[in-house]
Amino acid sequence: MTDPIKLIVHEEPVKRVTLTPGKGRRPSVAVVYATREGDLEVLDGGKPMRWSDQMLTRYRTRYEVDISDHHLSLEFKDSTPLPTQSDVYHFHATVSVSFRVTEPAETIRRNVTDAVPLVHGHLLGICRPITRQYSIEEAEEAEASIHARFRRDTLIQGGITLYAVEVRLSLDEAGRKYLQDIEHARRDDKVKAAQHDTNVNDVGRKHHIEQLQQAGDHVLQARERLAMGDRPLDVQGMIQLHLQRHPNDTEGAMKLLLDFEQKQLEYQEQRDDRWQSILATMAANGMAQPADVAPLLDAAVRHLEGSAGVVRAESTVQRPEEPAPKPPAAIGWRDRPAAPPGPASGPANLAPVYLILDESADARPWADSLTDAAQDLFAAVAARPDVSAALRLSVVGFAERVAVRVPISRVAADPAVPPLLHRQTADHGALFQWLLDHVPAEYTALRAEHTSVRPPLLILLSAGAAAGDWADSRQRLDRALRRSDVIAFGLGGAVETIARFASEADLAFVPDVGISDETAVKQFGEFLERHVLACGEAARLGSEAPPPAPPRGFRPA
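What follows is the structure, given as structure tokens:
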């Protein structure tokens, strides 16, 4: 619990008649006088009255107010935490504040006996609306906003001036666990992406071993066919094959033969019983004339005795003539199963995407963050092989000249994106001339690779004002690519001119008011992953590509 800070250090009546000199004051104390009517007055910057002035004074009470510097440390947590965006989580805050009394008469008028509650309540009332504008991941930005709010001296109730405020924000337990879970999931995803190549290689090695085993089996089968002399695979052939594979299993082969003969006998008996039942039913129901029964019985007896393979007798029973079904052909060694269906077709379309990033001196503060955004994009695409098959990505850096960091190609299973470099002033004229010289030609080459290639998508981030003779090559690029989209993001000095680089007015974006450029770069990386994967999925399925929605933290230029 914070100790109270007493500002009114002394109070006494003013003596009108005295033989002693007036009472002095310390340098850290201001004297305030009050009349009988309650009016307050500070004489000559807080000095006390002289002895001679007290003789006829109209003042009745003398107050001494502490005007020295005070330093206070406060904590906003537990019952008074600072809310985050949507009030789901909370910040814990440690606030160091320095203050002094600059209007001692106001201190007496408000009867400020303890400065701590006034300072605490004022800081809490200012900080809560500020932190509510920021999400749990933006503690640094929230701190910066609070410091900006108190960058000048602030006069509060009771004549107190706050002249130095330092705030340190941390997360409550629920917020820390939330961010830890997100970081764990992100790291787990990166580990799985790194393990993807190993898993793919394991599957390839397994398939190779299976192919070798299958080839060995084929060799053995070819030898068996040679030994069998290409005879049909009937029962006797199968038993012979069994003995060929297991020459010491004569008992097993004989058992197979006896089982087959037993099944044949059972089937023959069942067929004979059905035939006898048919004849008995025909005779009982008058379906056959007596003259016809004798030949039928004779044929049946001869059939049962095995003297005739087929019963042939004429009868008055009328039935349609049907061809006898042909027995199934024996399976020969040279027969081959039907070929399996071919592999599934590839993506419906190819979608070329160019990521064009500023490497000039204007973009130096965000070079590492932009490199991370590009690498995270390639990792996200590599984790989706079905989508990466439909995408062709390229990373282009520009400053005084253009440098291709990743040529237009399919994303590898283990992509490598080199870091962006720090170079000189940007030349947008050289950039758009390079795009005009290379993008249409690479688009033509991709059309030779796939029957359907979508217009290239260009995503440009610039951090400096437009430089160089770029307008003509920019217009010619639009005519060469026709239906292509150029999405432009502007940071720093590019905010005023970025709209002129985009292919449509609603495809140019700048950071929202109050959003730092570093935060904007992170949210630019989130937009890249979301929009490029959506374009790749649409190309894979042959559906319409989604329009680019304004990313979080940006607004239309």
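The sequence shown begins at 10 in our numbering and counts up by one. A virtual CB, placed ideally from N, CA and C, is assigned to each residue, including glycine.
In DSSP terms, what residue i is bridged to
i, result
"THR70", "PRO22 and ALA43"
"GLU112", "Looking at the DSSP assignment, GLU112 forms no beta bridge with any residue, so it has no partner."
"ASP494", "LEU466"
"GLU84", "THR103"
"ILE365", "VAL405 and LEU469"
"ALA489", "For ALA489, which the question treats as bridged, DSSP gives no partner whatsoever."
"PRO92", "HIS99"
"ALA360", "LEU400"
Closest by C-alpha distance to residue i, when choosing among the options
i, options, result
"GLU150", "CYS544, SER88 and ILE524", "ILE524"
"THR93", "HIS80, ASP181 and HIS156", "ASP181"
"LEU364", "ALA391, PRO559, LEU429 and SER552", "LEU429"
"ARG34", "VAL74, ASP281, LYS201 and GLY551", "VAL74"
"GLY473", "ALA372, PRO555 and ILE145", "ALA372"
"VAL519", "ASP478, THR207, LEU469 and SER482", "LEU469"
"ASP78", "VAL121, THR170, HIS131 and LEU91", "THR170"
"LEU595", "PHE108, TYR143, ALA102 and ARG401", "Because the chain in this structure spans residues 10 to 566, residue 595 falls outside the shown range and cannot be described."
"LYS86", "SER95, TYR72 and ALA102", "ALA102"
"TYR143", "GLY261, ALA392 and VAL97", "VAL97"
"ARG137", "VAL176, PRO90 and ASP123", "PRO90"
"TRP443", "ARG410, ALA454 and VAL462", "ARG410"
"LEU467", "ALA392, ALA382, SER403 and HIS193", "SER403"
"VAL200", "SER493, ALA388 and GLY406", "ALA388"
"TYR72", "ALA39, GLY246 and ARG561", "ALA39"
"THR434", "GLY502, VAL420, SER179 and ASP395", "GLY502"
"ASP268", "ILE248, LEU455 and ASP367", "ILE248"
"PRO356", "LEU366, ASP377 and ARG401", "ARG401"
"ALA489", "SER512, GLY477 and ASP377", "SER512"
"GLY562", "ASP123, GLU505, LEU288 and GLU147", "GLU147"
"THR460", "SER471, ALA360, HIS540 and VAL426", "ALA360"
"GLU505", "SER482, ALA475 and THR116", "ALA475"
"LEU266", "ARG509, GLU192 and GLN245", "GLN245"
"ALA480", "ALA203, SER493, HIS437 and ASN257", "HIS437"
"ASN358", "ILE417, ARG463 and ASN294", "ARG463"
Residue i versus residue j - alpha carbon distance
i, j, result
"HIS431", "ARG158", "34 Å"
"HIS19", "THR70", "11 Å"
"PRO36", "ASP48", "24 Å"
"LEU379", "GLY534", "8 Å"
"VAL448", "LEU486", "9 Å"
"LEU164", "VAL522", "27 Å"
"ALA457", "ALA450", "11 Å"
"HIS99", "ARG141", "9 Å"
"SER286", "GLN279", "11 Å"
"ARG564", "CYS544", "21 Å"
"LEU500", "GLU152", "22 Å"
"GLU46", "TYR68", "9 Å"
"PRO559", "GLU527", "18 Å"
"ALA338", "ASP243", "At ALA338 the pLDDT is 49, less than 50, meaning the model places this residue with poor confidence; the figure from the coordinates comes in the next sentence. If I take the Cα positions, the gap works out to 10 Å."
"GLY225", "ALA398", "35 Å"
"SER88", "VAL121", "25 Å"
"TYR187", "ILE145", "9 Å"
"LEU516", "GLY130", "45 Å"
"ALA497", "ASP206", "34 Å"
"PRO126", "SER154", "23 Å"
"GLU553", "ARG393", "19 Å"
"ALA547", "VAL396", "9 Å"
"ALA422", "ARG414", "18 Å"
"ASN210", "ALA391", "15 Å"
"GLN230", "MET263", "23 Å"
"MET291", "GLN277", "21 Å"
"HIS217", "VAL405", "39 Å"
"PRO349", "LEU250", "Unreliable placement is indicated for PRO349, whose pLDDT of 40 sits below 50; the coordinate value is still reported in the next sentence. Computed Cα separation, rounded: 27 Å."
"ARG232", "LEU252", "14 Å"
"LEU83", "GLU175", "10 Å"
"SER369", "GLU115", "55 Å"
"ASP162", "TRP375", "33 Å"
Unbroken alpha helix (DSSP H) run spanning residue i, endpoints
i, result
"SER461", "Taken as a continuous stretch (DSSP letters only), SER461 belongs to no alpha helix (DSSP H), as it is neither H nor E."
"ASP526", "526-550"
"THR163", "Where THR163 is concerned, there is no enclosing alpha helix (DSSP H), although the beta strand (DSSP E) it sits in stretches over 163-165."
"ARG280", "259-293"
"ALA153", "148-158"
"HIS255", "Run containing HIS255: none; DSSP gives neither H nor E here."
Closer than 8 Å to chain C by CB, residue i
i, result
"ALA476", "Protein chains in the displayed structure number just one, and chain C is not present."
Opening and closing residue of the beta strand (DSSP E) in which residue i lies
i, result
"ALA517", "517-520"
"PHE563", "563-565"
"PRO138", "It is not in any beta strand (DSSP E) - PRO138 instead sits in the alpha helix (DSSP H) that spans 124-140."
"GLU175", "169-180"
Every unbroken alpha helix (DSSP H) inside the region 376-421 [4 residues or more]: As far as the region 376-421 is concerned, its whole alpha helix (DSSP H) runs of at least 4 residues are 376-391 and 394-397.
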